């Protein structure tokens, strides 16, 4: 999975601290998401970010299936 938080914030010139201030999500959580270091993110956290950015979850998080070898 890939999250597009850094891309979305960059396009809108929004800082992580702005998201923190408006959503109450910890800066540590937001920074880990921004740099794609998070592996488990609560749905409530994703919902707050989507509501703040006014985007659907599918725009924030992309699922890219792993390629498997076919025999």
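In the numbering used here, the protein residues as written are 18 to 88.
For each residue, glycine too, the CB sits at the ideal point set by N, CA and C.
In this text, all values refer to a predicted model and were calculated from it rather than measured experimentally.
Start-to-end residues for the alpha helix (DSSP H) that takes in residue 22: 22-29
Return the chain-ordered list of same chain residues with a C-beta closer than 6 angstroms to the C-beta of residue 49, the five sequence neighbours on each side being excluded. 55
Alpha helix (DSSP H) segment containing residue 32, residue limits: Neither: residue 32 is in no alpha helix (DSSP H) and is coded neither H nor E.
For residue 72, count neighbouring C-beta atoms within 10 Å of its own C-beta (all shown protein chains included) and say buried if the count is 16 or more, exposed if not. Exposed, since its Cβ has fewer than 16 Cβ neighbours within 10 Å.
For residue 70, is the classification buried or exposed, using 16 other Cβ atoms within 10 angstroms of its Cβ as the cut-off for buried? buried
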